[in-house]
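**Q** Per the working numbering, residue 58 is the first one in the sequence shown, and the count goes up by one each step.
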Amino acid sequence: MALLHFLYILIEIALQMAKVEFEKSQILPLYGVLATSSSLLETSTMQFRMTTMQV
């Protein structure tokens, strides 16, 4: 019975770790997309400012 309980705890820990890894793998691409879009936004804002200054 103790062995079963021990196995259950091990499985629980493994599931938690897998969940964390999955969340990390979900968050990182999202962060990359956000970083890319924010830098694109900055670039286009700067270009817009330059064109309005020239006019």
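We treat Cβ as the ideally placed atom computed from N, Cα and C, and that holds for glycine.
Nearest-angstrom Cα distance between residue 109 and residue 94?
**A** 22 Å
**Q** Using the three-state DSSP reduction, which class does residue 110 fall into: helix, strand or coil?
**A** Looking at residue 110 - three-state DSSP - the assignment turns out to be helix.
**Q** Given this structure, state the Cα-to-Cα distance separating residue 64 from residue 90, to the nearest angstrom.
**A** 40 Å
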